[in-house]
Structures are given as structure tokens and as C-alpha cells.
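Counting with my numbering, you get residues 1 to 336 for the letters of the sequence shown. Ideal placement from N, C-alpha and C gives every residue a C-beta, glycine not left out. Notes to accompany the following structure.
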Amino acid sequence: MYDLELERVISKISEMDATRVLLQLPDGMRPFAVQLVSTINKATRASVFLSGDSCYGACDIDIIQARALNVDLIVHYGHTQYVGDLDVPVLYIHASIDIDVDRLVEATLPELEGYNRIGLATTVQHVHQVDEIKEKLAEKGVDGLIGGGTGVTPLDGQILGCSYRTVIAVKGDVDAYLYVGGGKFHPTGIVMSTGKPVIVANPYNGDVSMIIESDLMDIAKRRMAAISVSKEATVFGIIVSSKPGQSRLGKAEELAVKLTEAGKIPVILYMDEIRPEHVNNYTESEVLVNTACPRIAIDGISGIDRPMLTVNELEVVLGTRKWEDMWGDSYMESTV
Ligand code: SF4
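So, in C-alpha cells, the structure goes:
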């Protein structure tokens, strides 16, 4: 399914004369790991190591492993560049997946009825076909709009769990969005960032569904409850991740100062991955503030036993930001 772009990987390794390479694969690609390692090793003679840790996004480059293993190159699959250049070069491979555009458009048409203009959005895996989807829609009389790539979403129509700039860019010109991809994670972010309905076309199982703003009522209620409980709390644990694209120590220190000024007691917890077993024993913190991936607080992690706020939500608690201004463009803030 995935375009592994082995030729590009092999020629980059050869061109660099790299002898030690770290391969980072998202969970869905790990079943191809042995095939990748042996093909690259046979073609280049380089020692290829597999990262066994998380690979949630290009925010999650395993630079600490790369340094420890003394590699010349990191090959990172499944994402586009998110952080600036690091001291070990990184080759980003999109791991594109071709989909049947005709079938997808046919299946989607009934749900698009009644909307004049549709914004198109997808993840890096399908973004190479977004123009083709637009053309097929035009043939069927549907006007599609694609927001230009920018910043952490460099490709036209691309979205991330924490960045919806491409859909926000066309918000004023569309009535709804068509999201191409599986799951609710990304389309939920589109609705939160724009307030517009999202038609979700899953190219893997052919399902077409819709998410509208009222479907997010549960999330909104949970977030409001977390904010309101936090207003009464005294001790705040501010989480800082060591992942290169999620690390916001400066922001955490700034928040610690503001919390102290507000009469609260802040402590900074520094860690790689936020897991219940890592944070729950810090029992004195009544509230956790997550400066890492904003989706961890919004979507929740099962097992965390107290409220967790995003940075923006803490600003609501401190009175420097209004909740009603936040729901929309700025709820999902990328960490860089
Ligand atoms: S910060 Fe979170 S949502 Fe953004 S790319 Fe990383 S894992 Fe994905």
C-alpha cells in the first residue's frame, strides 16, 4: 500500500556515504520494518537501526537515539518536516498511499448535496491526489477549494492533528469540508478549528460519514469542566516533553511565572512521553498543564486521574484569554 520510496532512501544514503542509519516508522508501518532494513542494508551496506520508541508525528524525531547510536542519517517515514534542521540530518518520506479517486468521489456525492463550495483536506498520505479529487468533483459539478500549504503543513490541503492552517485559509469561501482519510481524529480538529461541517470519506473501507459542530458537545463540555475545576486548584504540574517538535520549556517557564503571580504553585515535569504511570504518582498536582501535543489534553489519555489543560486553556483559567474567543481558529495550536 505505502510508497516506501526505497530508491530515494538508498540514493540519499549512498550520496552521503552514510554508514549508520536510524529508521523511524509510525506504528502502521512497523510490519514492513524487516523488509526495509534488509533492502537498505543489502543496497548500501549501511548498518540500519530501528527506533522502537513512539513516532507520533514529525514532532517526534528521535534525536536522542540518533546521537546515542552515532548515526549519519535519520530516515523518518510517514510525515513531513515539522521541526527545523537538527544536528543529525533527517530524510522525510511521506509514505503516500494511492486511493481510488473515482470510487471515493462517487461514494461522497450524496453527502455533498446542498453545499456550494467544499474545502478539501487530507493527511500527507493522500495529499498527492488532492488535485485529482478536486478535478473529479468539478466533473460532477462540485466546486472544491484547496488551502495552500504553509508552515508545519507544507503541502496544499495537508492537515495535522495540531495544525489546520490550510482549512482555516479557505474557511470564508466554503460551506463545508471534505476530509479524505480514516478515523475521527483529523476531522474533529477541522470542525473545532472552523465550526463547519465535515464530510469524512474513508478511502480504506469506503465509508462516508459527517461530523458537525454539535457532535463535539461532549468535548466542549469536558474542556469547560476541566477549566472550571482548575480555577479552584492551587498546585499545577506543567508538563514539558523532550520530543524536539513538542518541547516548549520557555513557554512552561513563562506559565510558571504567571501561575506564581496568580498565587498558585507551579512545578515543571519534564518527560519524553506522557503516560498515566509517569504522572499519576505526582499526587500533589491537582491539575496538569500540557505544553506538548495539544491533542493529548483535548482528546484525553485514559488513566490520567485529574484534569489536564492545554496552554490556551490555562490562559483562560488565568483570565488572559476568553473561552469564547478560543473555540475556533486557535483551539488547536501547533507546538512550533
Ligand atoms: S504535536 Fe501532536 S498532533 Fe501535532 S504532529 Fe505531533 S503528535 Fe501530531
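- For valine 317, the uninterrupted alpha helix (DSSP H) segment begins and ends at 311-317.
- Nearest in C-alpha terms to tyrosine 2, of all of Gly28, Glu15, Val167, Lys12, is Gly28.
- Contact annotation: leucine 314 and glycine 237 have beta-carbon atoms that are not nearer than 8 Å.
- 8 Å or more divides the Cβ of leucine 160 from the Cβ of threonine 150.
- In the DSSP secondary-structure assignment, asparagine 290 is bridged to Ile239, Thr310.
- Here glutamine 65 carries a helix assignment [DSSP, helix/strand/coil].
- By the beta-carbon neighbour count (other beta carbons within 10 angstroms, threshold 16), leucine 86 is exposed.
- With contacts defined as CB atoms closer than 8 Å, alanine 292 and glutamine 246 qualify as a contacting pair.
- Within the chosen limit of 7 Å, the ligand SF4 reaches the beta carbon of leucine 160 through at least one heavy atom.
- Straight-line measurement puts the Cα of threonine 234 at about 10 Å from the Cα of threonine 260.
- Here the C-alpha atom of lysine 134 lies approximately 44 Å from the C-alpha atom of leucine 255.
- Taken from the Cβ of aspartate 60, at least one heavy atom of the ligand SF4 lies inside 7 Å.
- In the DSSP assignment, glutamine 35 falls within the alpha helix (DSSP H) that extends over 33-44.
- A straight line joining the alpha-carbon of glutamate 139 with that of aspartate 102 spans about 11 Å.
- When secondary structure is reduced to three states using DSSP, arginine 30 falls in the helix class.
- With 16 or more other CB atoms across the displayed protein chains lying within 10 angstroms of its CB, proline 266 is buried.
- Per DSSP, the beta bridge partners of leucine 160 are Ser163.
- Distances from the CA of asparagine 202 to each of Val37, Leu6, Tyr179, Lys221 were compared; the closest alpha carbon is that of Tyr179.
- Inter-segment contact for the stretch 52-68 and the stretch 17-28 is present: three or more beta-carbon pairs are separated by less than 8 Å.
- Between the ligand SF4 and the CB of arginine 165, the shortest heavy atom gap is not smaller than 7 Å.
- Between isoleucine 199 and threonine 320, the C-beta spacing is not below 8 Å.
- Burial is judged here by how many other beta carbons sit within 10 angstroms of a residue's own beta carbon; glycine 157 has at least 16 and is buried.
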